[in-house]
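Student: Quick note, the sequence shown lines up with residues 1 to 400 if you use full-length UniProt numbering.
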Amino acid sequence: MLNIDRLREETPACSELIHFNNAGASLQPQSVTDAVLQYLTLEQRLGGYEAAEAQHQASEHFYTAVAGLLNCNPREVAYAENSTRAWNLLLHAIAFEPGERIIIGESEYASNYLSLLELAHRHQVNIEVINNDDNGLISLQALEQRLDENVRLIALTHVASQNGVIQPVAEVGKLARKHNILYLIDACQSAGQLHIDVNDINCDMLTASGRKYLRGPRGTGFMYVRHSVLNYLKPDAPDLQSVIWTSRDQFSWRDDARRFELWEHNVAARIGLTVAADYATALGVSNIEKRIKTLANELRCKLSELPRVQIHDQAFATDSETALNILGGIVSFSVKNADAVKLQTHLRQHRINTSVIRRNNTRLEFEVRDLPDINRASVHYFNTSAEIDAFCQAVRTFQV
Ligand SMILES: Cc1ncc(COP(=O)(O)O)c(C=O)c1O
Numbered sequence: 001m002l003n004i005d006r007l008r009e010e011t012p013a014c015s016e017l018i019h020f021n022n023a024g025a026s027l028q029p030q031s032v033t034d035a036v037l038q039y040l041t042l043e044q045r046l047g048g049y050e051a052a053e054a055q056h057q058a059s060e061h062f063y064t065a066v067a068g069l070l071n072c073n074p075r076e077v078a079y080a081e082n083s084t085r086a087w088n089l090l091l092h093a094i095a096f097e098p099g100e101r102i103i104i105g106e107s108e109y110a111s112n113y114l115s116l117l118e119l120a121h122r123h124q125v126n127i128e129v130i131n132n133d134d135n136g137l138i139s140l141q142a143l144e145q146r147l148d149e150n151v152r153l154i155a156l157t158h159v160a161s162q163n164g165v166i167q168p169v170a171e172v173g174k175l176a177r178k179h180n181i182l183y184l185i186d187a188c189q190s191a192g193q194l195h196i197d198v199n200d201i202n203c204d205m206l207t208a209s210g211r212k213y214l215r216g217p218r219g220t221g222f223m224y225v226r227h228s229v230l231n232y233l234k235p236d237a238p239d240l241q242s243v244i245w246t247s248r249d250q251f252s253w254r255d256d257a258r259r260f261e262l263w264e265h266n267v268a269a270r271i272g273l274t275v276a277a278d279y280a281t282a283l284g285v286s287n288i289e290k291r292i293k294t295l296a297n298e299l300r301c302k303l304s305e306l307p308r309v310q311i312h313d314q315a316f317a318t319d320s321e322t323a324l325n326i327l328g329g330i331v332s333f334s335v336k337n338a339d340a341v342k343l344q345t346h347l348r349q350h351r352i353n354t355s356v357i358r359r360n361n362t363r364l365e366f367e368v369r370d371l372p373d374i375n376r377a378s379v380h381y382f383n384t385s386a387e388i389d390a391f392c393q394a395v396r397t398f399q400v
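Quick look at the structure:
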């Protein structure tokens, strides 16, 4: 059981505002902010390299902390400045042959798709999108029909930024394994929100950022790379962190995921993310998941009772037990005839943080579903029923 009062006390902004933008960037616990500030003070006092030396253990603990969250070996974890960078590093480390195919889902994250378009252009690979079913889940049947020896990669976003649907990553993983296809997960919205076990999912690679459900600092992220696929992956930037320089004209790549790192990085931010990962682990990610799903479900139910409000998380329309299982903390909705940005501004005036999902940023999915710009409210475990009521009241008073 989570002690919500205590968790809110440890999150100073909770007394100032209602934060329903956790899918954008969540609020840091005090301990995360303290760790970053303390480290920066140390850098100021000792010098950058000297501070890093003094805090070597805290900084190295990053790998163990993240490995604990994912159930992998610390050597399979690398630090990255954000999720997009991590995802791109992995994608571009695969030696694609012209004519090979990459399969993704309709809810793939926009920047990932843009990278794929560029890759397709440069290497003549084909990108194929599998549509979602009526619940917003990737169609497993359609996926399996497309798999053959020419498919080099399946890339799937675990939880999209534009709806609450949790994709069946483990079922897709079984198919990827059966057909011996590389499998890359974007866990940007699920890390810190949902229980993740890379062995259950059967993925070869996974990326995430620190500032969202993990509540770490901005500009932090990480990747997981299964040890057995490491040698298929050649990063494009050898430096003194990622390789061992063996003789004047030769080097060998590191034998762990850190072959994707560069030596220079923001040590304070990495330590902050480490503290955030430990914080989530101490609370128990399964407890976190349960609380978030329950709160988001309450928010959807209460919002849907308001006149003119439409919920856009498709699975919400199905039976409530299924909805509770396959929907996470992101609630996508709109108010009939309302401009999404004006509604967001109105909520901000009530000290409620939300965000807007732009059709132009989610073309793969929103063009198929014919959705305009809509609103997004994303809850975390430190949110409360009272906040949900205040939020619904603020939506109710919005004049279109
Ligand atoms: C599903 C998903 N993937 C990737 C990203 C990109 O993450 P980052 O900003 O850390 O690169 C986001 C950001 O919102 C996201 O929601």
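Note that beta-carbon positions come from the ideal geometry of N, C-alpha and C, so glycine has one too.
1) Am I right that Thr11 and Leu27 are in contact with their C-beta atoms under 8 Å? What's the rounded C-beta distance?
2) Would you mind listing the beta strand (DSSP E) stretches within the segment 201-261 that are 3+ residues and don't spill past its ends, in chain order?
3) Tell me which residues share the same chain as Ala13 and place their Cβ nearer than 7 Å to its Cβ, disregarding the 5 neighbours each side in the sequence.
4) Can you name the start and end residues of the alpha helix (DSSP H) that Ile181 belongs to?
5) Assuming Phe260 contacts Ala67 under a Cβ cut-off of 8 Å, what Cβ separation, rounded to an integer in Å, is found between them?
6) Ordered along the chain, which non-local residues of its own chain (more than five positions away) have a Cβ less than 6 Å from that of residue 401?
7) Return helix, strand or coil for Gly68, following the three-state DSSP convention.
8) Where do the ends of the beta strand (DSSP E) carrying Phe333 lie?
9) Bridge partners of Arg291, per DSSP?
10) With DSSP as the reference, identify every bridge partner of Ile94, one or two as the case may be.
11) With DSSP as the reference, identify every bridge partner of Ser378, one or two as the case may be.
12) In angstroms with no decimal places, state the Cα-to-Cα distance between Ile201 and Tyr381.
13) Do three or more CB pairs link the segment 127-140 to the segment 100-113 at distances below 8 Å?
14) Classify Met1: buried if its beta carbon has 16 or more other beta carbons within 10 angstroms, exposed otherwise.
15) According to DSSP, simplified to helix, strand and coil, what is Gly48?
16) Around the Cβ of Thr157, are there at least 16 other Cβ atoms within 10 angstroms (buried) or fewer (exposed)?
17) Got a sec: does ligand 1 put a non-hydrogen atom nearer than 7 Å to the Cβ of Thr354?
18) Between which two residues does the beta strand (DSSP E) carrying Glu16 extend?
19) According to the neighbour-count rule (16 or more other Cβ atoms, all chains shown, within 10 Å of its Cβ), is Glu76 buried or exposed?
20) Considering Ala394, what are the terminal residues of the alpha helix (DSSP H) in which it resides?
21) Determine the DSSP secondary structure at residue 401, reduced to helix, strand or coil.
22) Whose CA, out of Arg218, Val165 and Ile4, lies closest to the CA of Ser83?
23) Assign Asn199 to one of three DSSP states: helix, strand, or coil.
24) Tell whether a beta-carbon distance below 8 Å holds between Ala187 and Ala208.
Tutor: To lay it out plainly:
1) Sequence index remark: in the sequence shown, residue 11 carries index 11 (1-based). Sequence index remark: in the sequence shown, residue 27 carries index 27 (1-based). Contact flag correct, Cβ pair sits at about 5 Å.
2) Those beta strand (DSSP E) runs which fall completely within the segment 201-261 and span 3+ residues are 205-209, 221-225, 243-247 and 250-253.
3) Taking the sequence shown and counting its residues from 1, the one referred to as residue 13 is at position 13. His19 and Leu27.
4) In the sequence shown, residue 181 corresponds to position 181, counting from 1. Where Ile181 is concerned, there is no enclosing alpha helix (DSSP H), given that its DSSP letter is neither H nor E.
5) For the purposes of this step, residue 260 is identified with residue 260 of the sequence shown, where counting begins at 1. For the purposes of this step, residue 67 is identified with residue 67 of the sequence shown, where counting begins at 1. The Cβ separation is near 15 Å, so there is no contact.
6) Nothing can be reported for residue 401: it is not among the residues displayed for the chain, which extend from 1 to 400.
7) What you label residue 68 is simply residue 68 of the sequence shown in a count that begins at 1. If DSSP states are grouped into helix, strand and coil, Gly68 belongs with the helices.
8) Numbered from its first residue, the sequence shown carries residue 333 at position 333. Ile330 to Val335 is the extent of the beta strand (DSSP E) around Phe333.
9) Taking the first residue of the sequence shown as position 1, residue 291 is located at position 291. Looking at the DSSP assignment, Arg291 forms no beta bridge with any residue, so it has no partner.
10) The residue labelled residue 94 in the question sits at position 94 within the sequence shown. Note: Ile94 sits in a beta bridge opposite Leu233.
11) For the purposes of this step, residue 378 is identified with residue 378 of the sequence shown, where counting begins at 1. Partner(s): Asn21 and Ile330.
12) As a position in the sequence shown, residue 201 is number 201, starting the count at 1. As a position in the sequence shown, residue 381 is number 381, starting the count at 1. In a straight line, the C-alpha of Ile201 is about 24 Å away from that of Tyr381.
13) yes
14) Taking the sequence shown and counting its residues from 1, the one referred to as residue 1 is at position 1. Flag for Met1 reads exposed.
15) Within the sequence shown, residue 48 is the residue found at index 48, counting from 1. Of the three classes helix, strand and coil, the one that applies to Gly48 here is helix, per DSSP.
16) Position 157 of the sequence shown holds residue 157. Under this definition Thr157 is a buried residue.
17) Counted from its first residue, the sequence shown places residue 354 at position 354. No, the beta carbon of Thr354 sits no closer than 7 Å to any heavy atom of ligand 1.
18) Indexing the sequence shown from 1 puts residue 16 at position 16. Glu16 -> no beta strand (DSSP E), and no H or E assigned at all.
19) Taking the first residue of the sequence shown as position 1, residue 76 is located at position 76. Answer is buried; the Cβ neighbour count reaches 16.
20) Along the sequence shown, read from residue 1 onward, the residue named residue 394 stands at position 394. Segment Ser385 to Arg396, the alpha helix (DSSP H) holding Ala394.
21) Look at the range of the chain in this structure, 1 to 400, and you will see that residue 401 is not part of it.
22) Counted from its first residue, the sequence shown places residue 83 at position 83. With distances taken between Cα atoms, Ser83 lies closest to Arg218.
23) For the purposes of this step, residue 199 is taken as the residue at position 199 of the sequence shown. Note: Asn199 maps to helix in three-state DSSP.
24) For the purposes of this step, residue 187 is taken as the residue at position 187 of the sequence shown. For the purposes of this step, residue 208 is taken as the residue at position 208 of the sequence shown. In this structure, Ala208 lies closer than 8 Å to Ala187 by Cβ.
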